[in-house]
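These notes concern the structure reproduced below.
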Amino acid sequence: MPLTVVHSQTAEPRATGRRGPRPCAPLSLAEADVLRIVADTRTPVFVTVRAGGRRRYSYWRPLDSATGRGGCYAALPTAECDELHAAGRIALGDPLTDPARTTYRVTAVRTPAGPARAARAVRARPHAA
Numbered sequence: 263m264p265l266t267v268v269h270s271q272t273a274e275p276r277a278t279g280r281r282g283p284r285p286c287a288p289l290s291l292a293e294a295d296v297l298r299i300v301a302d303t304r305t306p307v308f309v310t311v312r313a314g315g316r317r318r319y320s321y322w323r324p325l326d327s328a329t330g331r332g333g334c335y336a337a338l339p340t341a342e343c344d345e346l347h348a349a350g351r352i353a354l355g356d357p358l359t360d361p362a363r364t365t366y367r368v369t370a371v372r373t374p375a376g377p378a379r380a381a382r383a384v385r386a387r388p389h390a391a
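Using our numbering, read the sequence shown as starting at 263 and increasing by one per residue.
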């Protein structure tokens with residue numbers, strides 16, 4: 263099932279003619295897989311931008327004791343990551359710059375929660391005598 267991002271409702275449903283929040287376009291399988299990896303807080307994802315402008319999104323793949331695979335850096339598809347960044351689904355953190363490259367931490371953008379409903383005031387009713 264493709265992941266979708268849901269925006270909080272900003273106008274009254276009667277004014278817009280819509281009910282509920284409006285979902286964004288569905289993600290492709292590759293974008294959903296990238297977003298799953300980026301959203302996992304245990305897996306830090308970084309993008310390295312070289313002096314020539316080349317970007318490489320990567321993360322550390324931990325060693326899987328069952329299969330014996332992992333324990334290495336893995337690259338993510340740049341095109342899908344760039345599309346997610348352009349769509350506002352991932353964000354770049356503060357830059358760490360050295361002479362040959364700039365590195366940013368990549369994080370998933372959390373959708374803001376809808377407006378909190380106001381708690382209804384409970385009125386004390388006078389009891390009939």
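Backbone N, C-alpha and C define an ideal beta-carbon position, used for all residues, glycine too.
Nearest to residue i (by Cα), restricted to the options the options
i, options, result
"residue 355", "367, 288 and 333", "367"
Distance CB(residue i)-CB(residue j) smaller than 8 Å
i, j, result
"residue 370", "residue 309", "no"
Same chain only: Cβ atoms within 8 Å of residue i, ignoring 5 sequence neighbours per side
i, result
"residue 363", "310, 311, 312 and 313"
"residue 292", "339 and 342"
"residue 328", "none"
Residue i versus residue j: straight-line alpha-carbon distance, rounded
i, j, result
"residue 325", "residue 304", "13 Å"
"residue 349", "residue 289", "11 Å"
"residue 307", "residue 344", "14 Å"
"residue 357", "residue 302", "21 Å"
"residue 331", "residue 365", "26 Å"
Close-in-space but distant-in-sequence residues of the same chain around residue i (CB under 7 Å, 5 per side omitted)
i, result
"residue 346", "293, 296, 297 and 352"
Are the stretch 333 to 341 and the stretch 311 to 320 touching by the rule of at least three beta carbon pairs closer than 8 Å?
-> The stretch 333 to 341, when compared against the stretch 311 to 320, does touch it at the 8 Å Cβ threshold.
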